[in-house]
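Heads up: the protein sequence lines correspond to chains L and U, in order. The first sequence begins at 1 in the numbering used here and counts up one residue at a time. The second sequence begins at 1001 in the numbering used here and counts up one residue at a time. Here a beta-carbon is modelled for each residue, glycine too, at the ideal position from N, C-alpha and C.
There are 2 protein chains.
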Amino acid sequence: MNARVLIKNLSALDDGPVSVSGWVETVRDQKKVQFVVLRDESGAVQLVNPRNSDADGVVIADEPATSISSLSQGSFVTVTGQLKHDERVKLGGIEIKLATLEIVTLAIPETPIAADSSLDKRMDWRFLDLRNPKQNLIFRIQTTFEHALRTYWVDNDFIELHTPKLMASASESSAELFEVEYFDTKAYLAQSPQFFKQMAQSAGFGKMFEVGPAFRADPSFTSRHATEFTSIDSEISWIDSHEDVMALHEDLLVAAFTAVKAKHGDEVKTLFDVEVTVPSKPFPRIPLAEAKEIVKQHGYEVPRDDDDMDPEGERRIAAYVKETYGHEFVFLTDYASSIRPFYHMRHEGDAGLTNSYDLIFNGTEISTGAQREHRIDVLVEQAKEKGLDPEELETYLDFFRYGVPAHGGFGMGLARVLMLMLHQTSIREVTYLFRGPTRLEP
Amino acid sequence: MNARVLIKNLSALDDGPVSVSGWVETVRDQKKVQFVVLRDESGAVQLVNPRNSDADGVVIADEPATSISSLSQGSFVTVTGQLKHDERVKLGGIEIKLATLEIVTLAIPETPIAADSSLDKRMDWRFLDLRNPKQNLIFRIQTTFEHALRTYWVDNDFIELHTPKLMASASESSAELFEVEYFDTKAYLAQSPQFFKQMAQSAGFGKMFEVGPAFRADPSFTSRHATEFTSIDSEISWIDSHEDVMALHEDLLVAAFTAVKAKHGDEVKTLFDVEVTVPSKPFPRIPLAEAKEIVKQHGYEVPRDDDDMDPEGERRIAAYVKETYGHEFVFLTDYASSIRPFYHMRHEGDAGLTNSYDLIFNGTEISTGAQREHRIDVLVEQAKEKGLDPEELETYLDFFRYGVPAHGGFGMGLARVLMLMLHQTSIREVTYLFRGPTRLEP
């Protein structure tokens, strides 16, 4: 590799020869001097090329002047030149006086998207959209966020698993299931790693985590849904209740937000005008029934016939929590059994409630967690009660017949966390390549 | 959570009260004393319960004696008792004299698999198979291996991406492609993140990595193939040749093997009788044509009509390298263009060879890497030459039309590395839940 310097590292260097590589953001091709703003993954810098004239004062068509004149926006180039610190230069107080310019790819002179293009149009040209420093930062934050989670897990002896995405049957429900042609039979795409992460508990793995894709054939077009999304999952054994799961969940989020704030807090402030706040522990916990009562007292009756919350209710309870406790997160706990899957453990002495929670962040649900029912007889009863045929669950139920410890865990949507952390209005902004009912490209 | 102690941590404790949780490996239910070997994710310990007798010397049916008598293998229990160090105890020189025993799940008294069960049978009961300390260790090694890779990437400013697994068309070739019913149309499962990791270079991300599933509708039943596998991918910009990719690849493997050896080397020696060797840099590099010549001189002519190697040739060149250089790895480089995909860059001045490599570890291919062709006109020509229709590649080709730096990368099969590191004969042993043409369960 050449002795390429990242643009962010230039300002710390003394004046002298440097080489940088990146793409052309703008060109000002003037008669006497040419200016190029060059960007790489770390920042942007101004390149300057005073043109040479002959004895009569006529500008000479020499290099790199001729190459600069040919540059289109988006072209990738490698340049060498003299770095010069100069406070008058608005862009970082430095510029590079060009010696050579090598064109690696000359982009076609077209700019299919602009700053004011619609989100959908930007998605069409995502590889250009991602050249925007804001978009670039989103994925640096994603990297930092995930690495902090994994470091916590690894430091605490969790095992990383890659559960299969191809399944013989549904992992959650037969609705919203993608069907795959699988040789002479059918397979289905995993809606979540639920069954397989519970299997790890039966296998005696103790504590596990996985970050991987999950698939839902969900035809909805909301800003919070995708047909493929990155699911952050963790499951632990030997718990007493969902309280142990929430304690883990808090620790993980505190670790991740701490890392993001430390590494990117200033940039987030500059580019998104958002202050990253590290949440304090414990996060507020409110039983769901109580939460519904609170929003009702504040003038909003959840328009549902079942015992569930709705998105507006979640926004309102989050606003209440923010005002009352100054907290961006709230655990809504003890959901009714009627609206939870069969494998959630129910309260001892009150089968109408479950040892479960949803985690709300800045007004939107980002995660569901629960203690799982590990007693085979109770589990079979609960499956039947939900109208499921235990025979179709045999593989799963076997995990419990041969022994399993008390356990629980959560699944959390990566894109939702990033969206809400950066005050974005859609997960499409924070997903590398969004997949929805009408989007499979690029 | 209770004050549970992991079994591996017991020996460092003083004699006194402890609580441990795990599953029953064996029970010796004798008249005067009962012994249980209890295992958790960290190890095994002997529990002992001297039985109480009445004045006439008749054994009393008290607790925990009665519960112990009811225990089946695999049952999950939590016990409390007095830890006692005693050199005469073979299992770690410690035992726990029981006070209480709580049965969390009583396993059904059946042991569907034994140590000598076939691999296929063990796969049927994978959740029981994984209780074996060897299997458990494999996934701890997987965790350490991946975390070391990611730490290297993060420390070196790579961006972690989750590329979509649902695609509108093939990512590599239209053979071995799984088709998905996608609302009113068809989608396909990604055979690799190839196009999307190259897109990140066009997006100016500079350096990226991904660890995620890849899918191949490969009907073969070899010990090295699966229909779903975990692919380790990395792609970097601003390279001069595939040499830069190999240098990255070496650094990553050295970091990962160093971490695995440090954390698990002793256990690997004990359970697998394998010495984990941290490879020295640089790994040997041999152009493929030369490698074929070497194995020919050593008595093996590769029985292929094309310019490729075969598995036996790979074993032989690896044996030669091991003997000659004492190295478990070898890069075979400069594969013929005829046997490489259209997007591999070809030698300047010799279009018959590519800037590519395969990495062989202990005799088997674990990875393919290459510099990619980034010049749109050359890329289109190469696609046509391979019989591909550029119109079907429009989305991909657009990445290059709008500018892209010189770049390259590799994809590496996680399970293959683990299999070869631990001298296992099949990737099924080192995959949490294997997926093959006739296996979708559990």
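- Residue state for Phe329(L) is assigned as strand, using DSSP reduced to three classes.
- For the pair Arg1375(U) and Ala1203(U), the Cα-to-Cα distance works out to about 16 Å.
- Put simply, the stretch 210-222 of chain L does not touch the stretch 330-343 of chain L. Fewer than three CB pairs are less than 8 Å apart.
- Judged by DSSP secondary structure, Ile60(L) falls outside any alpha helix (DSSP H); it is assigned neither H nor E.
- For His1347(U), the three-state secondary structure derived from DSSP is strand.
- The bridge partners DSSP lists for Glu1365(U) are Ile1360(U).
- Less than 8 Å separates the beta-carbon of Pro279(L) from that of Glu328(L).
- Taken atom to atom, the span from the alpha-carbon of Ser69(L) to that of Ile1317(U) is near 52 Å.
- The beta carbon of Ile1108(U) falls within 8 Å of a beta carbon belonging to chain L, placing the residue at that interface.
- Ile1159(U) belongs to the set of residues whose beta carbon lies under 8 Å from a beta carbon in chain L.
- Listed along chain U, no residue sits closer than 9 Å to Thr100(L) by beta-carbon distance, the nearest being about 16 Å off.
- Within the stretch 338-360 of chain L, not one residue has a Cβ closer than 7 Å to any Cβ of chain U.
- If you look at Tyr1182(U), you'll find it in the beta strand (DSSP E) that goes Glu1179 to Tyr1182.
- Relative to the Cα of Lys197(L), the nearest Cα in the group Ala1187(U), Lys1261(U) and Leu1130(U) belongs to Leu1130(U).
- For Gln1046(U), the beta-bridge partners assigned by DSSP are Val1037(U) and Glu1095(U).
- For Lys186(L), the enclosing beta strand (DSSP E) has its first and last residue at Thr185 to Leu189.
- Chain-ordered listing is empty here: chain L has no CB closer than 7 Å to the CB of Val1036(U), the nearest sitting near 14 Å.
- Following the DSSP letters along the chain, one finds Thr144(L) inside the alpha helix (DSSP H) bounded by residues Pro133 to Asp155.
- Under the DSSP assignment, Ala175(L) falls outside any beta strand (DSSP E); it carries neither an H nor an E label.
- A direct Cα-to-Cα measurement between Pro50(L) and Lys32(L) gives close to 6 Å.
- Taking the beta carbon of Tyr1432(U) as reference, the chain L residues within 7 Å of it are Leu161, His162 and Thr163, listed in sequence order.
- If you check the CB distance, Ile94(L) and Ser11(L) come in under 8 Å.
- Residue state for Ser75(L) is assigned as coil, using DSSP reduced to three classes.
- At a beta-carbon threshold of 7 Å, none of the residues of chain U lie near Asn156(L); the nearest stands roughly 11 Å away.
- Assignment of Lys84(L) by DSSP, reduced to helix, strand and coil, places it in the strand class.
- Using a CB distance below 9 Å, the part of the stretch 17-42 of chain L facing chain U consists of Ser21, Gly22, Trp23, Val24, Arg39, Asp40, Glu41 and Ser42, ordered along the chain.
- In the assembly as shown, Val1059(U) is an exposed residue. Its beta-carbon has fewer than 16 other beta-carbons within 10 Å.
- Per DSSP, the beta-bridge partners of Ala336(L) are Leu353(L).
- Closest option to His1162(U), judged by alpha-carbon separation, among Leu440(L), Leu414(L) and Ile294(L): Leu414(L).
- Boundaries of the alpha helix (DSSP H) around Gly265(L): His242 to Phe272.
- Under the criterion of beta carbons closer than 8 Å, Asp155(L) and Gly408(L) do not qualify as touching, at roughly 21 Å.
- In the three-state reduction of the DSSP assignment, Val404(L) falls in the coil class, being assigned neither a helical nor a strand state.
- Only Phe1196, Met1199 and Ser1202 from the stretch 1190-1202 of chain U bring a Cβ to less than 7 Å from some Cβ of chain L.
- Annotation for Ile1376(U): no beta strand (DSSP E) segment contains it, though the alpha helix (DSSP H) segment containing it runs Ile1376 to Glu1385.
- Bridge partners of Thr1277(U) according to DSSP: none are assigned.
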